[in-house]
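A short worksheet on the structure shown next.
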């Protein structure tokens with residue numbers, strides 16, 4: 017008997033964003049409340065928006081995010097300008113469904129001085145799936161709520177407060193930014209830096225000060241309750257704390273060192289060097305990263321280190337061995353994937369080198385795809 021495929025369900029979503037802003041959020045913001053009774057992975061096939069809703073309509077990017085740009089119209093949290101778009105999801109087996117996204121647009125002012133200060137508080141607006149608020153100029157106070165939020169202070173001395181979700185706080189240029197991640201897994205975003213940075217994360221409930229004035233991020237900034245850090249487009253060195261950290265390199269050939277704890281290291285674009293340190297670490301690869309080869313200096317299957325290829329690959333009902341290859345090369349193990357990202361492709365590309373691994377007998381490589389563990393030997 018041939019089983020019948022049950023299609024996915026795209027549930028309604030709500031976003032809060034600022035006006036005149038290029039919004040970029042992970043597709044998981046939309047997919048997080050969508051379901052498929054068959055338990056297969058779902059993905060977005062496309063977006064649709066009526067003319068005039070946005071300056072640039074929503075579209076999927078190559079790194080697992082989607083973007084759109086809002087018009088200059090915007091209101092307040094009590095009375096926002098409301099826009100909508102739809103997106104269609106697939107389960108890869110012929111099942112399709114379309115969901116509607118309500119986009120609440122608030123106005124933020126682009127200028128200096130007290131007259132251009134923004135105070136946006138999303139903690140009282142009700143449930144939502146994601147938000148992207150750019151305070152632009154002046155000294156802003158931006159507060160998250162329940163959903164995953166990106167808060168951007170801009171050029172002033174800003175106060176950014178995370179909520180109960182997983183937030184990204186980006187102080188921007190200027191001095192005296194104060195950032196509090198609060199609950200969730202929150203990331204300190206340093207991507208506005210104008211030159212290479214070296215940064216060591218401190219996980220603490222009390223303020224940690226940092227100054228990156230030479231990199232354009234100002235002096236006397238503070239952060240607390242942050243579990244991770246996002247680097248720049250340059251060749252950064254990011255060091256984790258003794259806790260469970262998330263380190264994201266961004267562009268450039270970065271050096272990421274997790275330290276103690278069960279860390280998540282994401283090199284991003286460029287040929288990165290990743291050192292998990294003690295603990296069970298996850299080395300995550302994103303779409304668009306396959307063009308460069310990362311080096312993992314201390315991979316250990318016995319410590320339960322894993323390569324997370326979920327964003328790169330779609331197994332569907334196929335065999336994972338058709339899209340992942342592990343081979344010995346001298347003192348190293350090289351991992352490659354089908355660059356098409358799906359079963360049945362014909363082209364493999366190297367994505368990482370497991371340095372000095374496999375020569376003493378242990379050549380087990382653990383790979384995570386869509387929440388399922390797979391094991392390979394060279």
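Residue numbers (our numbering): 17 to 394. For every residue, glycine included, the Cβ atom is placed at its ideal position computed from N, Cα and C. Since the model is a prediction, treat every value here as computed from it, not as a measurement.
- Per-residue DSSP class, three states only, for residue 175: strand
- Task: Please state whether DSSP places residue 323 in a helix, a strand or coil.
- Result: Residue state, collapsed to three classes: strand.
- Task: Measure the alpha-carbon distance for residue 385 versus residue 168 and round it to whole angstroms.
- Result: 32 angstroms
- Three or more C-beta pairs closer than 8 angstroms, one from the stretch 44–61 and one from the stretch 266–280: is that the case here? no
- Item | Under 8 angstroms between C-beta atoms of residue 256 and residue 217 | Result yes, Cβ atoms of residue 256 and residue 217 sit closer than 8 angstroms.
- Query: At a Cβ threshold of 8 angstroms, is residue 190 touching chain D?
  - Reply: No chain D appears in the structure shown, which is made up of a single protein chain.
- Task: Rounded to whole angstroms, what's the CA-CA distance from residue 261 to residue 243? Just pull it up for me.
- Result: 5 angstroms
- Query: In chain order, what residues of the same chain have a beta carbon less than 7 angstroms from the beta carbon of residue 150, not counting five sequence neighbours either side?
  - Reply: The answer, listed in chain order, is 34, 37, 124, 168, 170.
- Message: Quick check on DSSP: helix, strand or coil for residue 21?
- Response: In this structure, residue 21 counts as coil in the three-state DSSP scheme.
- Task: Take residue 392 and list the residues in its own chain whose beta-carbon comes closer than 6 angstroms to its own, dropping the five residues that flank it on each side.
- Result: 342, 381
- Please classify residue 221: is it buried, with 16 or more other beta-carbons within 10 angstroms of its beta-carbon, or exposed? It counts as exposed.
- residue 280 beta carbon less than 8 angstroms from that of residue 253: Contact flag unset, no.
- Message: If you reduce the DSSP assignment to three classes, tell me which class residue 348 lands in.
- Response: strand
- Task: Take the Cβ of residue 339 as the centre, count every other Cβ of all protein chains shown within 10 Å, and call the residue buried at 16 or more, exposed below.
- Result: buried
- Message: If I follow the unbroken beta strand (DSSP E) through residue 4, where does it start and stop?
- Response: The question about residue 4 has no answer here: the residues shown for the chain are numbered 17 through 394.
- Task: Pull up the distance between the alpha-carbon of residue 302 and that of residue 367, whole angstroms please.
- Result: Cα-Cα distance, rounded: 10 angstroms.
- Does the stretch 231–247 come close enough to the stretch 195–215 that 3 or more CB-CB pairs lie under 8 angstroms? yes
- Using DSSP with H/G/I as helix, E/B as strand and the rest coil, what is residue 56? coil
- Query: What is the C-beta distance between residue 100 and residue 118, in whole angstroms, given that I count them as a contact (C-beta under 8 angstroms)?
  - Reply: 6 angstroms
- Check the C-beta distance from residue 115 over to residue 28 and give it rounded, since I have them as a contact under 8 angstroms. Contact holds; Cβ gap of about 6 angstroms.
- Message: Under 8 angstroms, with one C-beta from each stretch per pair, do the stretch 57–64 and the stretch 89–108 reach the 3-pair mark?
- Response: yes
- Task: To the nearest angstrom, report how far apart residue 143 and residue 32 are at their CA atoms.
- Result: 10 angstroms
- Message: When you compare the CB positions of residue 177 and residue 191, do they come within less than 8 angstroms of one another, or not?
- Response: no
- Which same chain residues, not among the five before or five after residue 370, have their C-beta less than 8 angstroms away from its C-beta? 312, 315, 348, 349, 350, 351, 381
- Taking 8 angstroms as the cut-off, decide whether the C-beta atoms of residue 110 and residue 22 are in contact. no
- Message: Using CA atoms only, rank isn't needed, just tell me which of 84, 389, 319, 374 is closest to residue 403.
- Response: Beyond the ends of the chain as shown, which are 17 and 394, falls residue 403; an answer cannot be given.
- Cut-off 8 angstroms between Cβ atoms - residues of its own chain near residue 140, not counting five sequence neighbours on either side: 93, 161
- Would you please state the rounded distance, in angstroms, between the beta carbons of residue 200 and residue 180? I believe it to be under 8 angstroms. 6 angstroms
- Query: What is the DSSP secondary structure of residue 192, counted as helix, strand or coil?
  - Reply: coil
- Task: Express the C-alpha separation of residue 76 and residue 65 in angstroms, rounding to a whole number.
- Result: 14 angstroms
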